[in-house]
Amino acid sequence: MSSRFVHRPASRPRLLALAVSVAVLPAAWAADTQDDTITVTATPEAPFRAGGDELVPAYLDGQVANGGRLGMLGEQDASSVPFNVVGYTAKMIEDTQANTLSDVLRNDAGVQPVRSYGNFGESYRVRGFLLDGDDVSFGGLYGVLPRQVVSTQIAERVEVIKGSTAFLNGVPPGGSGVGGAVNIEPKRAGSEPLTRVTVDYAQRGEVGGAIDTGRRFGEEDRFGVRVNLLHREGETEVHHQKSRTSLASVGLDYKGDRFRSSLDAGWQKLSMHYGRIGVAMGAITELPAVPDNRTNYGQPWVYSDMSSRFAALRGEYDIAPDWTFYAGVGGNDNDEWGAYSSSTLKSSDGSATMRRMDTHYVSDSFSGMTGVRGKFATGVINHSVNLGYSGVYRKTGSAYNLSATQSGLNIYHPVVIPRPETISVTGDMGDPHTRSRTRTGGVSLSDTLSMLDDRVLVTAGLRRQEITVHNYSWEGVEDRNATFDSMKVTPVYGVVVKPWQHVSLYANHIEALQPGPTASSKATNAGEVVGIVKSTQNEVGAKFDYGRIGGSLALFEIEKPVGMMNSSGNYDLYGEQRNRGMELNLFGEPVYGVRLMGSAQWLAPELTKTAEGANDGNDAPGVPRYQLRLGGEWDLPSVENLTLNATVMRTGSQYANAANSLKVDAWTRLDLGARYSMKVNEQTLTWRATVENVTDEKYWASVDDSGYYLTQGDPRTLRLSMSVDF
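The sequence shown maps to residues -30 to -1, 1 to 696 in mature numbering (1 follows the signal peptide of the UniProt record, and there is no 0).
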């Protein structure tokens, strides 16, 4: 019998009943254990004020926050909004020794980390749809963070919004994010002085050091400074592969009675040499076995050097007791040099060819937002309204060189090939010409109506979104056929009902917008951009919070149009991909000293409309049917300040092409770790040890959206660190 996720409308009431049941069941469990269990709750210094830049309080021990930033709506408690949002804190980042954004997000079953196309960049799939690494926001602003790889040293929170976000966030410059969004909140100086020095070590000699310091000063500690410095380099567990990361950032903030502002600025440089890039599948009819985890089928002359400068300025002013004006601007510039070479498989026996591609890529982005939010009442109904504008502009330039194809390679028995000679040059490598200019901007208006003592909340809004794209030749000449300027109005509506004190039920309809694809040279309208792509999402779910344990259950459907040619050769949005799924998230401390963080996602990523129906009903490439994540910590009663932890990650099988003739096996990974804190001369030392992929399982971790690149999972790696707080 087929295991496909078949649409049965009659099942929706049963699924909603399941959501309610999962939310209510912990109440009975909580009642049974309430009298004999110590309850620990995190209490903020002042009541959380939703809508601004103030972070949602962390949950219990501080690794998870039950809420996050919802674009122009600001920071929101998850229980009061009709969207699925969760935040991962700096403490979670430190305790798991997560060095990059991908290291954090792999702990969430709703997010699938993947590699970029033929290089070392990090991208993600949220609810089965691509989120490009360049489209991660910083304090709600797009176009600020370094591209492709982001160090966690700057992050106070990593917030994940699962679901389409056009109304909330606008349209990112890269045009991805149909299934969700990721936002990073910067570190701020806390109420207590901080000076933390950390040294870390990874097996085979990768060594790093970091300084994190923060102070508040002035009258009532209104001014704050937070500075972070990081340098890490050395050989990784993959043979001969070497990486280097350097970062410097500063965050300034002011907290007045009516005026609050912040300024963040930073610089990051990442280098990878002799790197193992993904494997291109070529025309193979059978997937190859996974090579040894440490085998490097890259070449010594392969490298990537990426440097970024970034800054963001934000402010808000209370113009009246219930009304606030806010604004923010930010931007970045990026410079990437690289020489890349992916092995292109010729057979499942590992034989392959390769060619060298040198690239020089530059980009500059500028973004901004402004608006006003306020509250008022009409009779027994309270209103929370927001009127605002947000937009982003990005300019890119690039050039590349190519060599001839080289043969005689095998991914199981790597050989070193001398750097091949260049046979073609495209663009100006020394000073790349402009290749694209993208501007997205829109005005949003929303109103959240609260009734019955905030037990019923209804949200409705509209956004008028404009997208302008200009594309240029390699010589910098504008291609008029590949230029478009279009507008769409996108709605949002949702409802939250709180039938019980600890439970909220919700539903939403929201859309995603992105620049459309360009018709290929084979189409009758070759070079034409098809306009704005509008994807739609419908979602229902339940959220619960019983003090010691919280979580959510969501059921969703997202339909995304896909560009393809019809029988007449015209290229337009004739295709469609439909993802239906269910998500479960749990976090908390069910027993004192034992903390859990788990999530699961079941997904049916169906290609519903394909060229001539050839692949109708097939799964979208690279999207697994399920992902499971379960992490836990145990404070040993017999040894004070010693904590053991474990994380199990399970990812289901995924197809490597649209025809579903190539299938990547499911895989399981186990991470184990421990941390120990101690006092030495009034200073706190924290030791951490983690073994990633304890069983050294060999697996193909992911397939890119095109169904062309396979990325291998990481080998077993020991990571050690020591932090001291002065």
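The beta-carbon is built from N, C-alpha and C at its ideal position, and this holds for glycine as well. Only a predicted model underlies this, so the values are computations on that prediction, with no experimental measurement involved.
Which residues DSSP lists as bridging residue i, in chain order
{"i": "I351", "result": "T348"}
{"i": "V439", "result": "T408 and F454"}
{"i": "N478", "result": "G464 and E509"}
{"i": "E553", "result": "A524 and Q571"}
{"i": "S232", "result": "D223 and R284"}
{"i": "Q484", "result": "V503"}
{"i": "E203", "result": "V177 and R214"}
{"i": "E445", "result": "Paired residue(s): none; E445 is not in a bridge."}
{"i": "Q238", "result": "L217 and S278"}
Burial state of residue i, where buried means 16 or more other Cβ atoms lie within 10 Å
{"i": "Q624", "result": "buried"}
{"i": "R(-19)", "result": "Residue confidence for R(-19) is low, a pLDDT of 41 falling below 50, so the modelled location carries little weight; the figure read from the coordinates is stated next. Its Cβ having fewer than 16 others within 10 Å, R(-19) is exposed."}
{"i": "residue 701", "result": "A query on residue 701 cannot be resolved here, the shown segment of the chain reaching from -30 to 696 and no further."}
{"i": "E498", "result": "buried"}
{"i": "T611", "result": "Rather than Thr, the amino acid found at residue 611 in this sequence is Asn. Under this definition N611 is an exposed residue."}
{"i": "L606", "result": "exposed"}
{"i": "N651", "result": "exposed"}
{"i": "G539", "result": "exposed"}
{"i": "P384", "result": "buried"}
{"i": "F53", "result": "buried"}
Inter-residue Cα distance where the pair is residue i and residue j
{"i": "G110", "j": "W637", "result": "34 Å"}
{"i": "I247", "j": "G236", "result": "28 Å"}
{"i": "S360", "j": "A482", "result": "15 Å"}
{"i": "V167", "j": "M535", "result": "57 Å"}
{"i": "A574", "j": "Q597", "result": "12 Å"}
{"i": "F696", "j": "T348", "result": "53 Å"}
{"i": "A629", "j": "P560", "result": "45 Å"}
{"i": "V673", "j": "E162", "result": "45 Å"}
{"i": "G511", "j": "K239", "result": "41 Å"}
{"i": "L115", "j": "R214", "result": "18 Å"}
{"i": "S321", "j": "T410", "result": "45 Å"}
{"i": "E155", "j": "G568", "result": "23 Å"}
{"i": "G517", "j": "D423", "result": "21 Å"}
{"i": "N627", "j": "S311", "result": "22 Å"}
{"i": "I181", "j": "S216", "result": "12 Å"}
{"i": "F18", "j": "D47", "result": "9 Å"}
{"i": "L566", "j": "E256", "result": "40 Å"}
{"i": "Y331", "j": "S676", "result": "22 Å"}
{"i": "L556", "j": "Q33", "result": "13 Å"}
{"i": "G160", "j": "R127", "result": "14 Å"}
{"i": "V661", "j": "I63", "result": "16 Å"}
{"i": "L525", "j": "Y273", "result": "43 Å"}
{"i": "R595", "j": "F99", "result": "13 Å"}
Where residue i sits in the DSSP three-state scheme
{"i": "R246", "result": "coil"}
{"i": "A136", "result": "helix"}
{"i": "A48", "result": "helix"}
{"i": "L642", "result": "strand"}
{"i": "G41", "result": "helix"}
{"i": "T255", "result": "coil"}
{"i": "A(-8)", "result": "In this prediction, A(-8) has a pLDDT of 44, which is less than 50 and means its spatial position is unreliable; what the coordinates show is noted afterwards. It is helical."}
{"i": "A25", "result": "Note that residue 25 is Leu in the sequence shown, not Ala. L25 falls in the coil class under three-state DSSP."}
{"i": "I502", "result": "strand"}
{"i": "L71", "result": "helix"}
{"i": "K61", "result": "helix"}
{"i": "I387", "result": "coil"}
{"i": "A172", "result": "strand"}
{"i": "A151", "result": "strand"}
{"i": "T418", "result": "strand"}
{"i": "T13", "result": "Annotation note: pLDDT 42 at T13 (below 50); position unreliable, coordinate value reported separately. Three-state DSSP puts T13 in coil, outside helix and strand."}
{"i": "E610", "result": "coil"}
{"i": "D305", "result": "strand"}
{"i": "I124", "result": "helix"}
{"i": "A581", "result": "helix"}
**OP:** Answer yes if the stretch 408 to 424 comes into contact with the stretch 134 to 153, meaning at least three C-beta pairs across the two stretches below 8 Å, and no otherwise.
**Re:** Yes, since at least three Cβ pairs between the stretch 134 to 153 and the stretch 408 to 424 fall closer than 8 Å, the two stretches touch.
**OP:** Give a yes or no on contact between the stretch 422 to 430 and the stretch 388 to 399, applying the rule of three or more CB pairs nearer than 8 Å.
**Re:** No, they do not touch.
Original post:
Is there contact between the stretch 202 to 221 and the stretch 249 to 269, where contact requires at least three CB pairs shorter than 8 Å?
Top reply: The stretch 202 to 221 is in contact with the stretch 249 to 269.
Original post:
Counting pairs of beta carbons, one from the stretch 98 to 110 and one from the stretch 444 to 461, are three or more of them closer than 8 Å?
Top reply: Fewer than three beta-carbon pairs drawn from the stretch 98 to 110 and the stretch 444 to 461 are found closer than 8 Å, and the two stretches are therefore not classed as touching.
**OP:** Kindly confirm or deny that the stretch 187 to 203 and the stretch 140 to 150 touch, where touching means at least three C-beta pairs closer than 8 Å.
**Re:** No: the two stretches stay apart, fewer than three of their Cβ pairs being nearer than 8 Å.
Subject >> the stretch 397 to 413 contacting the stretch 373 to 388, beta-carbon criterion three pairs below 8 Å >> reply: Touching, no, given that fewer than three Cβ pairs across the two stretches are closer than 8 Å.
Original post:
Can we say the stretch 486 to 502 touches the stretch 463 to 474, given the rule of at least three CB pairs closer than 8 Å?
Top reply: Because the criterion of three Cβ pairs below 8 Å is not met, the stretch 486 to 502 and the stretch 463 to 474 do not touch.
**OP:** Count the C-beta pairs between the stretch 40 to 59 and the stretch 579 to 598 that are closer than 8 Å, then say yes if the count reaches three, no if not.
**Re:** Counting Cβ pairs under 8 Å, fewer than three are found: no touch.
Subject >> Contact between the stretch 527 to 541 and the stretch 56 to 68 (3+ Cβ pairs under 8 Å) >> reply: With the cut-off at 8 Å, the stretch 527 to 541 and the stretch 56 to 68 do not touch.
Original post:
Can we say the stretch 190 to 199 touches the stretch 64 to 80, given the rule of at least three CB pairs closer than 8 Å?
Top reply: Cβ pair count under 8 Å is below three, so no.
Original post:
Any chance the stretch 325 to 333 sits against the stretch 349 to 359, with 3 or more Cβ pairs inside 8 Å?
Top reply: Contact fails: fewer than three Cβ-Cβ distances are below 8 Å.
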